[in-house]
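Undergrad: Input: one structure, supplied below.
Numbering (my numbering), first residue to last: 868 to 1207.
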């Protein structure tokens, strides 16, 4: 069998041209890939640098703001520390002043106590009364200043009469008694009646030998009778020989009874020349004397006028309000007057 021959033969160099084209295309692809990779790397490198610079600038701003806040806090702390130091210095200075004043006051009190002990009983009473009067006047001065300051801060729409009244002080010095009843002021001879009572009580003690209690009357003196009661008491005491019963005579009470209900003078006339009240006040020292007024309900208004005038003359006044129909009286169980 005969074999068929090929129809044509390829031109020389055709395969070489195709190979060259394929190589060029491959090279171009490789170049494009290399350029793409390099561009991507450049973009990745540029992005962190920009972000780092922005973060650094923001951090620097935050650091500066924090420094300013810290500086302001430090300044406030320094001011507060300086203020605390000044306050501590002031407190220490005031404490030393207080301690010094306390030492001076203690020394003065001790010196006064020594001087007082050198005085007699009556002089000690006058000394105590004088101290109380000075304290009362000082307190009154403070109250008057406070009152003036208060009145100065309040618009005056009406004038109201005000009588400054210091705190009550127990009376220990000389005391003069008056009765205020029916709008009339009457001198009560208290000291004279009490002195007479002491004398008569010694003379009447024998009557208690057979009786537990007796009632006697003294006067009249200065328009008043004194009715008093003495009583016998027993007290058990312990001695070296054993228990013994001791008998004593004591004053139970006394009352003062006016012999005439119309005695006395109107308060408005009491301070005129020649009146009994004015004469008594003129013969006593207001710095050593307290006026005690036994006041009945029908004369409370007159008592205010009386107290005002006595205050103007420098006298402290002690009020003894009395119920209607109850006489002036006293007993060992009573209390001292409180002067104002």
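Ideal placement from N, C-alpha and C gives every residue a C-beta, glycine not left out.
Can you grab the Cα-Cα spacing for the pair residue 1089 / residue 1055, in whole Å?
TA: Using only the alpha carbons, I get a separation of about 7 Å.
Undergrad: When DSSP labels each residue in this structure, what does residue 1050 get in the three-state scheme?
TA: Coil at residue 1050, not helix or strand.
Undergrad: With DSSP as the reference, label residue 1186 as helix, strand or coil.
TA: Here residue 1186 sits in strand by DSSP.
Undergrad: Does DSSP put residue 834 in a helix, in a strand, or in coil?
TA: Nothing in the structure corresponds to residue 834, since the chain is present only between 868 and 1207.
Undergrad: Evaluate the contact criterion for the region 1183 to 1195 versus the region 1144 to 1161: three or more CB pairs, one atom per stretch, below 8 Å.
TA: Enough Cβ pairs lie closer than 8 Å, so yes.
Undergrad: Note down, in chain order, each residue of its chain lying with its Cβ closer than 7 Å to the Cβ of residue 1021, except the 5 sequence neighbours on either side.
TA: Residue placement at residue 1021 is flagged as unreliable, the pLDDT there being 49, under the threshold of 50; the coordinate-derived value follows with that caveat. Counting only Cβ-Cβ distances below 7 Å, and skipping sequence neighbours, we find nothing.
Undergrad: Considering only DSSP beta bridges, list what residue 1093 is partnered with.
TA: Per DSSP, 1085, 1123.
Undergrad: Just the Cα atoms here: how many angstroms apart are residue 935 and residue 941?
TA: The alpha-carbon atoms of residue 935 and residue 941 are separated by roughly 10 Å.
Undergrad: In chain order, what residues of the same chain lie with their CB nearer than 7 Å to the CB of residue 1110, ignoring the 5 residues before and after it?
TA: So the list reads 1103, once near-sequence residues are dropped.
Undergrad: Can you tell me where the beta strand (DSSP E) with residue 1158 in it begins and where it stops?
TA: Here the beta strand (DSSP E) through residue 1158 covers 1156 to 1162.
Undergrad: Is it buried or exposed for residue 971, if we count other Cβ within 10 angstroms and need 16 for buried?
TA: Exposed.
Undergrad: Would you grab the beta carbon distance between residue 1071 and residue 1131 for me? Rounded to a whole angstrom, and I think it's under 8 Å.
TA: Not really, about 31 Å apart at Cβ, beyond 8 Å.
Undergrad: Taking the C-alpha atoms as reference points, what is the distance between residue 1124 and residue 985?
TA: Answer to the nearest angstrom: the Cα atoms are 41 Å apart.
Undergrad: Helix, strand or coil: which one does DSSP assign to residue 903?
TA: Three-state result, residue 903: helix.
Undergrad: In its own chain, which residues sit with a C-beta less than 7 Å from the C-beta of residue 1166, not counting the 5 before and 5 after it?
TA: Once the five neighbours on either side are set aside, the close Cβ partners of residue 1166 are 1047, 1048, 1049, 1050.
Undergrad: Does any C-beta atom of chain B lie closer than 8 Å to the C-beta of residue 1068?
TA: Structure shown: chain B not included; a single protein chain is present.
Undergrad: Which residues in the same chain have their Cβ closer than 6 Å to the Cβ of residue 1138, if we skip the five residues on either side of it in sequence?
TA: Once the five neighbours on either side are set aside, the close Cβ partners of residue 1138 are 1145, 1176.
Undergrad: Does DSSP put residue 1022 in a helix, a strand or coil?
TA: Confidence at residue 1022 is low in this model, with a pLDDT of 47, below 50, so the placement of that residue should be treated as unreliable; the coordinate-derived value is given next. Residue state, collapsed to three classes: coil.
Undergrad: If we ignore side chains and look at the alpha-carbon of each, how far apart do residue 961 and residue 954 end up?
TA: For residue 961 and residue 954, the distance between alpha carbons rounds to 10 Å.
Undergrad: Just list the residues that DSSP pairs residue 1098 with in beta bridges.
TA: Answer by DSSP bridge pairing, in chain order: 1080, 1117.
Undergrad: Using a Cβ-Cβ cutoff of less than 7 Å, which residues in the same chain neighbour residue 1094 once the five nearest sequence positions on both sides are dropped?
TA: 1082, 1084, 1121, 1122, 1124, listed in sequence order.
Undergrad: Using alpha carbons as the reference points, say which of 1057, 1118, 1045 lies closest to residue 1086.
TA: Nearest of 1057, 1118, 1045 to residue 1086, Cα basis: 1057.
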